[in-house]
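Presented below is the structure to which this report refers.
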């Protein structure tokens, strides 16, 4: 098994737990996306655990690159994101498992064995969100850009100036965003978008 995460303490925690199992061997670890890809090519592990957020090359790009060269690779995403948008991106890129870091102590070994056996693993709460939100409209690239700027604390005038448009255009984008996310204000829009994994507000979580 290969472990790719930019936090040494988390890697050490996973290694300690996994190494205690007689049927699991940790063959390597990586601290960033490029190292993860290089390590996979060199080691060809049966299972790879990798974080979505890594320096230089994020987890989605690593998954895409690995699956392009090794279609049968079994990859498990480690993440703090419980939103269905991030889960869908990982699964579409080729991940076989999606494991939330706050549940690793309980589920890590079972998920590793499940994926090694050729099965997939998605937390039930994320499956429920995917089903609920499957029919909802997605935000456009410009709406995402506006929402990220709003999340950074910028007022409508600042967002308009940054994007080179008039303030009324930003208000129109926000109105559309509110409708799609079923919210009534900027703060709620940012909160819901972060929860669903549409935008990233999360910090690192230790194992």
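In the UniProt record's numbering, the protein residues as written are 1 to 207. Don't be surprised by glycine CBs; every beta carbon is placed ideally from N, CA and C. Quantities reported herein were computed from a predicted structural model and do not represent experimental measurements.
Pick out whichever of the options has its Cα sitting closest to the Cα of residue i.
i           : options              : result
residue 123 : 146, 76 and 140      : 76
residue 198 : 158, 141 and 72      : 141
residue 170 : 188, 201, 149 and 45 : 149
residue 104 : 121, 93 and 117      : 121
residue 69  : 91, 184 and 40       : 40
residue 210 : 71, 87 and 157       : Lying outside 1 to 207, the shown extent of the chain, residue 210 is not represented and no answer is given.
residue 181 : 192, 159 and 94      : 192
residue 116 : 184, 73 and 185      : 73
residue 55  : 143, 156, 35 and 66  : 35
residue 8   : 30, 57 and 101       : 30
residue 186 : 194, 174, 143 and 12 : 174
residue 195 : 160, 93 and 80       : 80
residue 98  : 47, 20 and 13        : 47
Pop quiz: residue i and residue j are said to be a contact at Cβ under 8 Å. What is the actual Cβ separation, rounded to whole angstroms?
i           : j           : result
residue 163 : residue 190 : Between residue 190 and residue 163 the Cβ distance is about 17 Å, and since that is not below 8 Å, they are no contact.
residue 43  : residue 28  : 5 Å
residue 139 : residue 177 : 6 Å
residue 109 : residue 17  : 7 Å
residue 78  : residue 37  : Between residue 37 and residue 78 the Cβ distance is about 16 Å, and since that is not below 8 Å, they are no contact.
Specify, as a first and last residue, the run of the alpha helix (DSSP H) that residue i falls within.
i           : result
residue 14  : 8-19
residue 192 : 186-195
residue 144 : 141-151
residue 110 : 104-116
residue 232 : Residue 232 is absent from the model: the chain starts at 1 and stops at 207.
residue 175 : 167-181
residue 163 : 156-163
So that I know if they touch, is there some Cβ in chain D lying closer than 8 Å to that of residue i?
i          : result
residue 61 : Absent here is chain D; the protein component of the structure consists of one chain.
Please report the residue range of the beta strand (DSSP E) in which residue i lies.
i         : result
residue 3 : 2-4
Segments of 4+ residues assigned as alpha helix (DSSP H) that fall wholly inside the stretch 27-101: Counting only unbroken stretches of 4 or more residues, the alpha helix (DSSP H) elements lying wholly within the stretch 27-101 are 33-43, 59-69 and 84-93, in sequence order.
Inter-stretch contact at 8 Å, needing at least 3 Cβ pairs: the stretch 1-21 / the stretch 53-67: When Cβ pairs closer than 8 Å are counted between the two stretches, the stretch 1-21 is seen to touch the stretch 53-67, the count reaching three or more.
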